[in-house]
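Trainee: Sharing a structure below in C-alpha cells format, with a few things to ask.
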Amino acid sequence: DVKVTQSSRYLVKRTGEKVFLECVQDMDHENMFWYRQDPGLGLRLIYFSYDVKMKEKGDIPEGYSVSREKKERFSLILESASTNQTSMYLCASSNSYGYTFGSGTRLTVV
Amino acid sequence: KQEVTQIPAALSVPEGENLVLNCSFTDSAIYNLQWFRQDPGKGLTSLLLIQSSQREQTSGRLNASLDKSSGRSTLYIAASQPGDSATYLCAVASNDMRFGAGTRLTVKP
Chain A
1 DVKVTQSSRY
11 LVKRTGEKVF
21 LECVQDMDHE
31 NMFWYRQDPG
41 LGLRLIYFSY
51 DVKMKEKGDI
61 PEGYSVSREK
71 KERFSLILES
81 ASTNQTSMYL
91 CASSNSYGYT
101 FGSGTRLTVV
Chain B
111 KQEVTQIPAA
121 LSVPEGENLV
131 LNCSFTDSAI
141 YNLQWFRQDP
151 GKGLTSLLLI
161 QSSQREQTSG
171 RLNASLDKSS
181 GRSTLYIAAS
191 QPGDSATYLC
201 AVASNDMRFG
211 AGTRLTVKP
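For the protein sequence lines, the chains are A and B, in the order given. So that you can map any letter, position 90 of the first sequence is 90 in my numbering, and since no number is skipped, the others follow by simple counting. For my numbering, count along the second sequence from 1 and bump the result up by 110.
Shown next, in the form of C-alpha cells:
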C-alpha cells in the first residue's frame with residue numbers, strides 16, 4: 001500500500017525552538033507539499049516542491065522553510081516556533097493520478 | 111486564482127438516506143478534481159479522482175460527477191451509514207491545488 005508518512009502525530013514545542021517536521025513518500029512522486037489546517041481557515045499551502053532541491057512558496061510561507069535533499073523526503077522547518085504556528089500540519093505528494101496525504105502532525109507551541 | 115466553494119457547510123441525515131454534496135469552482139481550466147474524506151484529527155483520505163476529460167467516477171456507494179463548463183462537481187453517497195460521518199473536501203488541480211472548506215456530514219443511526 002502506497003504511503004506518505006509523517007514522522008510524528010503529536011508534537012509539543014516551546015516558543016523560539018527550531019522545529020523539524022519530516023515527511024517521506026514511497027510512491028516515487030515528483031511533487032510534494034506542506035499544508036497547515038486551522039478551524040475556519042481550511043487547508044493553506046505553505047511550500048511545495050516539484051523536484052529534488054527545488055522549492056516554491058505557497059500562500060503562507062512566512063516563518064517556515066523547507067528542504068528536499070532526496071526525492072522521497074520533504075522536510076518543513078519552523079525556524080523559531082511561535083504560538084501562532086500551533087496547527088495541524090499535513091504533507092502530501094502527487095502525480096497525475098492525484099494527491100496522497102499523510103496522517104498529519106498536530107503541533108502545539110507553548 | 112481558483113476559488114473552490116462547498117455547500118452545504120454541514121449536513122445531518124438519518125441512516126439510509128441518499129445524499130449529495132456540492133463543490134463549485136471558478137476556473138474551468140482544471141487538470142482534475144479529487145474528493146477526500148477527513149475524520150477528526152486525522153489526515154485526508156482520497157475517495158475519488160476525476161480527470162478533466164472524465165464526467166464521473168464511481169467507487170462502491172460513492173459517485174462523483176464533474177461538469178467543467180459550469181464549474182461544478184457533486185459527490186453522491188447512496189444508502190448512508192453512521193460510518194460515513196466525516197468531513198468531505200473537494201480539491202481542484204489547475205496551476206496548483208485548491209481545496210474547498212469542506213462539508214461536515216453526520217449520519218444519525
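The C-beta atom is built at its ideal place from N, Cα and C for all residues, glycine as well. For clarity, every value in this text was computed on a predicted model and none was experimentally measured.
Tell me whether B:Ile117 is buried or exposed, calling it buried when 16 or more other Cβ atoms sit within 10 Å of its Cβ.
Mentor: Exposed, by the Cβ-count rule.
Trainee: May I ask you to report which of helix, strand or coil DSSP gives B:Asp194?
Mentor: Helix.
Trainee: Do the CB positions of A:Lys3 and A:Ala81 come within less than 7 Å of each other?
Mentor: Taking 7 Å as the Cβ cut-off, A:Lys3 and A:Ala81 do not qualify as a contacting pair.
Trainee: Using a C-beta to C-beta distance shorter than 8 Å, which residues of chain B count as neighbours of A:Leu45?
Mentor: Within 8 Å Cβ-Cβ: Asp206, Met207.
Trainee: Taking a contact to mean a Cβ-Cβ separation below 7 Å, would you say B:Leu199 touches B:Gly181 in this structure?
Mentor: No, the Cβ-Cβ distance between B:Leu199 and B:Gly181 is not below 7 Å.
Trainee: Pop quiz: A:Thr105 and A:Arg9 are said to be a contact at Cβ under 8 Å. What is the actual Cβ separation, rounded to whole angstroms?
Mentor: That pair is a contact at about 6 Å.
Trainee: Any chance you could list the beta strand (DSSP E) runs of at least 3 consecutive residues sitting entirely within the segment 145-184 of chain B, in chain order?
Mentor: Whole beta strand (DSSP E) segments, 3+ residues: 154-161, 166-169, 172-177.
Trainee: Closest to B:Gln72 by CA distance: which of B:Ile187, B:Arg214, B:Leu154, B:Lys152 is it?
Mentor: A query on residue 72 of chain B cannot be resolved here, the shown segment of chain B reaching from 111 to 219 and no further.
Trainee: Does the segment 130-149 of chain B come close enough to the segment 193-207 of chain B that 3 or more CB-CB pairs lie under 8 Å?
Mentor: With the cut-off at 8 Å, the segment 193-207 of chain B and the segment 130-149 of chain B touch.
Trainee: With a CB to CB cut of under 6 Å and the five nearest residues on each side skipped, what residues in its chain are close to A:Ser7?
Mentor: Counting only Cβ-Cβ distances below 6 Å, and skipping sequence neighbours, we find Glu22.
Trainee: Using DSSP with H/G/I as helix, E/B as strand and the rest coil, what is B:Thr58?
Mentor: There is simply no residue 58 of chain B to check, as chain B begins at 111 and stops at 219 in what is shown.
Trainee: Could you check which residue in A:Lys18, A:Ser49, A:Met32, A:Val52 has the C-alpha nearest to that of A:Thr5?
Mentor: Closest by alpha carbon: A:Met32.
Trainee: Hey, is A:Val4 close to the ligand PLP, as in C-beta under 6 Å from one of its heavy atoms?
Mentor: Annotation note on the ligand PLP: not contained in the displayed structure, which lists no ligands.
Trainee: For A:Arg68 and A:Phe48, what's the separation of their Cα atoms in angstroms?
Mentor: The alpha-carbon atoms of A:Arg68 and A:Phe48 are separated by roughly 10 Å.
Trainee: Just to confirm the assignment, what range does the beta strand (DSSP E) spanning B:Pro118 have?
Mentor: No beta strand (DSSP E) holds B:Pro118; DSSP gives it neither H nor E.
Trainee: Might you give, ordered along the chain, the residues of its own chain that have their beta carbon closer than 8 Å to the beta carbon of B:Ser169, omitting 5 neighbours on each side?
Mentor: Hits under 8 Å: Leu157, Leu158.
Trainee: Put A:Asn84 into one of helix, strand or coil per three-state DSSP.
Mentor: Note: A:Asn84 maps to helix in three-state DSSP.
Trainee: Identify whether B:Gly109 lies in helix, strand or coil by the three-state DSSP scheme.
Mentor: A query on residue 109 of chain B cannot be resolved here, the shown segment of chain B reaching from 111 to 219 and no further.
Trainee: Assuming A:Phe101 contacts B:Gly153 (C-beta within less than 8 Å), just tell me the rounded distance between them.
Mentor: Right, the Cβ-Cβ distance comes to about 4 Å (below 8 Å), so this counts as a contact.
Trainee: Compare the beta carbon distance of B:Glu127 and B:Pro219 with 7 Å and say whether it is the shorter of the two.
Mentor: Contact: no.
Trainee: Quick one, which residues of the segment 142-154 of chain B are near chain A if we go by CB-CB under 8 Å, in chain order?
Mentor: Flagged, chain order: Asn142, Gln144, Phe146, Gly151, Lys152, Gly153, Leu154.
Trainee: In chain B, which residues lie with their C-beta within 9 Å of the C-beta of A:Ser75?
Mentor: What A:Ser75 touches in chain B: nothing, since even the nearest Cβ is about 17 Å away.
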